[in-house]
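Taking the UniProt record's numbering, I'd label the letters of the sequence shown as residues 1 to 160.
These notes are about the structure you will find just below.
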Amino acid sequence: MAVPKEQGRKVVATNRKARHDYTIEDTFEAGLVLSGTEVKSLRMGRASLVDGYGFIDGGEAWLDAVHIPEYSQGTWTNHPPRRKRKMLLHKAQIIKISQKTKEGGYTLVPLSIYFSDGRAKVELAVAKGKREYDKRHALRERQDKREADRAMSSRKNLGD
1 MAVPKEQGRK
11 VVATNRKARH
21 DYTIEDTFEA
31 GLVLSGTEVK
41 SLRMGRASLV
51 DGYGFIDGGE
61 AWLDAVHIPE
71 YSQGTWTNHP
81 PRRKRKMLLH
91 KAQIIKISQK
101 TKEGGYTLVP
111 LSIYFSDGRA
121 KVELAVAKGK
131 REYDKRHALR
141 ERQDKREADR
151 AMSSRKNLGD
């Protein structure tokens, strides 16, 4: 009897700081080439994308500096926590990413790692770094919008 296949999307890790530090231009979904203990560690919900980045080398996409901790029940077959991992993308996507990152200021940043129908995927973004004043401006806009929404809801509640 076959084991039923996983359905849906289960997020393992997100890089919330990436949206603060970078302006996202374009996003891609890529598969990951992982070893067995890496998959088991991800299924336990353990990963960190904080220092991670992607790059194109020799027509192949790679993900580097993403921390997937060693599997606790693993033995000598355990993987190194930070290693280069190959990403699976279509050739046209690799060419598009390569051209964009060769332009000045663009980089490849992982936004999240998740399981989609049982397969490990990473959401990548071609992004441009924000300057400090851009970050402050974005925070100020978010705070102003929150205050306006709060004022509108309190005004609406008074009118009832």
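A virtual CB, placed ideally from N, CA and C, is assigned to each residue, including glycine.
Because the structure is a prediction, the values reported are computed rather than measured.
Beta-carbon proximity of residue i to residue j, cut-off 7 Å
i     : j      : result
ALA30 : VAL126 : no
VAL66 : GLY52  : yes
LYS96 : THR23  : no
ARG85 : LEU63  : yes
ALA61 : LEU89  : yes
ILE68 : SER35  : no
Inter-residue spacing [alpha-carbon to alpha-carbon] between residue i and residue j
i           : j      : result
ASP57       : LYS17  : 26 Å
LEU139      : ARG155 : 24 Å
GLY118      : ALA148 : 42 Å
residue 182 : ALA151 : In the structure displayed, the chain extends from 1 to 160; residue 182 sits before or after that span and is not available.
THR75       : GLU6   : 27 Å
ARG19       : ARG82  : 23 Å
SER72       : GLY104 : 42 Å
TYR114      : GLY59  : 24 Å
HIS79       : ASN15  : 22 Å
ASP144      : GLY45  : 35 Å
VAL109      : LYS102 : 14 Å
THR77       : LYS135 : 43 Å
Classification of residue i by the beta-carbon crowding that lies within 10 angstroms, buried from 16 upward
i      : result
MET87  : buried
GLU132 : exposed
GLU38  : buried
LEU49  : buried
ASN157 : exposed
ALA92  : exposed
Candidates the options, of which the one nearest residue i by Cα
i      : options                      : result
THR107 : SER98, ARG46, GLU70          : SER98
GLU25  : LEU158, GLU147, LEU124       : LEU124
GLY54  : ALA148, SER35, ASN78, LYS100 : LYS100
HIS137 : ALA13, ASP21, ASN15, GLN7    : ASP21
ARG43  : LYS10, THR27, ARG19, ALA92   : LYS10
ALA47  : GLY105, GLY8, VAL12, THR77   : VAL12
ILE94  : PHE28, ARG146, PHE115        : PHE28
GLY8   : VAL109, SER153, SER116       : SER116
(message) Report the start-end ranges of each beta strand (DSSP E) in the segment 53 to 117 that is 3 residues or longer and not cut off at the edges.
(response) 53 to 57, 60 to 64, 85 to 88, 106 to 116
(message) Going residue by residue through the UniProt region "Disordered" (133 to 160), where are the continuous alpha helix (DSSP H) segments of at least 4 residues, counting only ones entirely within it?
(response) Runs found: none.
(request) Give, in chain order, every unbroken run of the beta strand (DSSP E) that is at least 3 residues long and sits entirely within the segment 1 to 50. (result) 9 to 14, 22 to 32
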